[in-house]
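Residue numbers (UniProt numbering): 1 to 344.
Presented below is the structure to which this report refers.
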Amino acid sequence: MMNISILTYQVRKEDTLESVALQTGISAEALKQYHNTYCSLDELIGHNLENVHTILIPPPEKIRELRENNSVVSKQVMRPSRYLFKNFFASKYEVSEHFEKPGTKEVIINYNVSLNVHETKDRGFIIETESYGFIKNNEVPDDKISMLSLSFMKALYPVAFIVPAQGSISGLYDYQKMIRRFGKKLEEPESFFVGEISQDYINKLRDYLNNEKLLLEKLRSAMLYQFLFPKMEWFHKNKPWEEKLYIVQNSFPVNCMMEAEYDESGNNIQTILRGKAKDNCSLQELLMGRRFPQSPEELVSGEITCEYQTDKDTQQLLKVTVKIILKNKDKIFSTYKLILYRKN
């Protein structure tokens with residue numbers, strides 16, 4: 001039996017997180033949360049004890065507290081970890097984005113996204129993403145602007161993000177390599193159409209891509225990346241909180257007041273986030289992507305609902321459903337929906 005008055009435990013070859021937790025009398029998830037709260041970044045416990053040499057053990061009084069709250073902890077064990085782990089993501093997802101405005105035809109874009117996850121010792125995770133197979137309203141896009149845009153994305157992919165253990169994108173990985181690869185692909189004759197309009201489009205993209213900070217901001221504003229890479233603390237919130245979120249793509253983030261609820265009764269875990277924008281900004285500012293000097297007379301209102309479905313046993317992300325409603329003068333201006341689900 002481990003002497004729990006010693007606050008560190010040296011990991012042996014045969015140890016698992018569960019076996020060490022059993023010796024303390026608390027759940028594996030509670031032990032992992034305690035350790036990850038106080039350890040250094042290179043000693044974070046992920047899905048297993050790989051590369052972990054020492055585990056921090058709660059003191060006796062903390063262990064008693066965790067045992068008393070065991071019923072609460074046991075429910076939280078089924079939710080995703082507070083820290084990102086490699087197998088949280090599946091390798092492929094199918095995506096459907098819906099754009100709707102009153103009085104206009106709904107636009108539906110379907111595509112696939114693949115993820116290649118690499119765990120690092122000191123930077124969290126490097127996640128390569130690639131989107132492909134775009135279909136617009138059940139047809140392959142054939143207008144010139146859409147085809148140019150798709151050719152641009154094909155030249156840019158794969159895009160590699162830095163995602164820390166706490167979740168959410170923090171940066172681009174090897175930005176210079178990505179830009180060199182993009183430039184090389186643009187030189188290939190088949191990559192883009194010839195013509196003055198096409199060349200102007202390419203030149204604007206080159207200028208745009210030369211600014212790493214701006215490129216990162218634009219990619220983070222994409223609804224796919226914002227909600228595909230959540231903050232892991234979202235799965236454990238028990239009180240309302242304020243979060244900066246993009247509610248219009250290619251715009252600026254706004255403060256949103258959020259609440260979370262959890263449904264653990266079914267085969268999978270449902271994490272439902274609901275929020276409302278509370279920033280002092282207008283619809284025109286959001287659509288143009290910049291703040292105006294004077295305070296707006298009419299404020300835009302935004303409502304967000306985001307539901308995550310995760311596997312009870314593996315904690316893997318199975319499905320994401322997002323709905324954002326923008327209102328102006330108390331009337332619906334636009335409705336956006338994102339549906340993402342694991343591809344078998």
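C-beta: ideal position from N, C-alpha, C; glycine also.
- In this structure, the straight-line span from the alpha carbon of Phe125 to that of Leu317 is close to 16 Å.
- Segment contact: the region 274-294 against the region 230-238, fewer than three CB-CB distances shorter than 8 Å; contact not assigned.
- Using a Cβ distance threshold of 8 Å, Ile247 and Ala277 count as a contacting pair.
- Residue range 331-342 is occupied by the beta strand (DSSP E) that includes Leu340.
- A residue is called buried once 16 or more other Cβ atoms fall within 10 Å of its Cβ, and Val159 is buried on that count.
- The shortest C-alpha to C-alpha distance from Lys239 to any of Tyr262, Met223, Phe229, Thr16 is the one to Tyr262.
- Distance from the CA atom of Lys329 to the CA atom of Glu130, rounded to whole angstroms, is 39 Å.
- Within the same chain, Thr54, Ile55, Leu56, Ile57 come within 8 Å of Thr8 by CB-CB distance, once the 5 residues on both sides are set aside.
- Selection Ser151, Asn211, Pro230 evaluated against Gly167 yields Pro230 as nearest (Cα-Cα).
- Annotation: His47 to Val300 spans about 42 Å, alpha carbon to alpha carbon.
- Shown here for Tyr34: same chain residues with a beta carbon closer than 6 Å to its own, the five before and five after excluded, namely Pro58 in chain order.
- Three or more Cβ pairs closer than 8 Å define a contact, and the region 104-122 falls short of that threshold against the region 146-153.
- As for any alpha helix (DSSP H) of minimum length 4 sitting wholly inside the region 111-188, the runs are 144-156, 175-186, ordered along the chain.
- Counting other Cβ atoms within 10 Å of its Cβ, Tyr83 reaches 16 or more and is therefore classed as buried.
- Within its own chain, the residues whose Cβ lies closer than 6 Å to the Cβ of Ser334, once the five positions on either side in sequence are excluded, are Lys101, Leu326, listed in chain order.
- Counted as a single uninterrupted DSSP element, the beta strand (DSSP E) harbouring Tyr308 occupies residues 301-311.
- Taking each of Ile332, Gln270, Lys244, Glu119 in turn and checking the Cα distance to Asp42, the smallest one comes out for Glu119.
- Annotation: Lys32 is outside any beta strand (DSSP E); the continuous alpha helix (DSSP H) that includes it extends over 28-38.
- For Phe88, the closest alpha carbon among the candidates Ile332, Lys343, Thr314 is that of Thr314.
- Here Leu224 is not near Leu215, since their CB atoms are 8 Å or more apart.
- The DSSP-derived three-state label of Val107 is strand.
- Arg274: member of the beta strand (DSSP E) spanning 268-277, first to last residue.
- Taking all protein chains in view, the Cβ of Tyr93 is crowded by 16 or more other Cβ atoms within 10 Å, so the residue is classified as buried.
- In the structure shown, Ala260 adopts extended strand secondary structure according to DSSP, grouped into three states.
- The C-alpha of Ser81 lies about 11 Å from the C-alpha of Asn36.
- DSSP places Val95 in the strand class (E or B) of the three-state scheme.
- The Cβ neighbour count for Thr24, taken over all protein chains shown within 10 Å, is at least 16; the residue is labelled buried.
- In the three-state reduction of the DSSP assignment, Val320 falls in the strand class.
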